[in-house]
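Below is one structure, written out as structure tokens; comments come after it.
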Amino acid sequence: MYPFAAMTAQKVEPALRELLELCRRREGRPAGIHALFEATCSIGGDNDTSYVRVSVERLPRDWVKIYVYAWNVGHDLARYVGGNPPPSWNDELLRLRGPVSPHQSNSSWRVAEALCALVGGTNVARPEDGLASFSLALNSAVAPKPPGEQSSNAPLDPPK
14 MYPFAAMTAQ KVEPALRELL ELCRRREGRP AGIHALFEAT CSIGGDNDTS YVRVSVERLP
74 RDWVKIYVYA WNVGHDLARY VGGNPPPSWN DELLRLRGPV SPHQSNSSWR VAEALCALVG
134 GTNVARPEDG LASFSLALNS AVAPKPPGEQ SSNAPLDPPK
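One gets my numbering by counting positions in the sequence shown from 1 and adding 13 to each.
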């Protein structure tokens, strides 16, 4: 386990649990109608900040698919020294300053693996676009494996 990814996942877990609770409350609505809930969390300081966006998509049969995207921002010190600080935290988040790059110990799939272990999900997918995902049974603390699944690394087909 990568320590920074595990620490980041622990920071993101409360936001994910709130999103899952929102999904539970919308139980009567069919999947596909306002089915995506999102939250962005940050960890870091003045110069380097790591962000994680977690999205929850409702699937049929009380399953959800959780998407995780992590990135780091190295803020440009010259903006602060030059008297041009960002006016607010929201502006800083929307208009990222400095180089944005993936971090080896904090890649999306590593955070997704740690988050999946915390909430009891299955099948962390590692696509090349950086958007990792895993599946979770909405109504259980620990998700059971879907019928016919062979291994935890096999991709999960969404329920039909």
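All C-beta atoms, glycine included, are put in the ideal place defined by N, C-alpha and C.
I believe residue i touches residue j by the beta-carbon criterion, under 8 angstroms. Please report the beta-carbon distance rounded to the nearest angstrom.
{"i": "L151", "j": "A22", "result": "With a Cβ gap of about 19 angstroms, L151 and A22 do not count as contacting."}
{"i": "V137", "j": "L29", "result": "So it is not a contact: roughly 14 angstroms between Cβ atoms."}
{"i": "A52", "j": "L32", "result": "6 angstroms"}
{"i": "S68", "j": "T62", "result": "Actually they do not touch by this definition, with Cβ atoms about 20 angstroms apart."}
{"i": "L35", "j": "I79", "result": "About 13 angstroms; that fails the 8 angstroms criterion."}
Is the CB-CB distance between residue i and residue j below 8 angstroms?
{"i": "A125", "j": "A145", "result": "yes"}
{"i": "V86", "j": "S121", "result": "no"}
{"i": "R71", "j": "V77", "result": "yes"}
Starting from residue i and walking both ways along the beta strand (DSSP E), at which residues does that stretch end?
{"i": "R71", "result": "61-72"}
{"i": "E51", "result": "49-57"}
{"i": "L144", "result": "First-last for L144: undefined, no H or E at that position."}
{"i": "N136", "result": "135-138"}
I'd like the span of the alpha helix (DSSP H) that includes residue i, first residue to last.
{"i": "L131", "result": "121-132"}
{"i": "P16", "result": "16-38"}
Report the rounded CA-to-CA distance for residue i versus residue j, giving the unit in angstroms.
{"i": "P27", "j": "P140", "result": "25 angstroms"}
{"i": "P73", "j": "R123", "result": "27 angstroms"}
{"i": "R38", "j": "L49", "result": "14 angstroms"}
{"i": "V25", "j": "G58", "result": "17 angstroms"}
{"i": "A83", "j": "F17", "result": "12 angstroms"}
{"i": "G134", "j": "D75", "result": "13 angstroms"}
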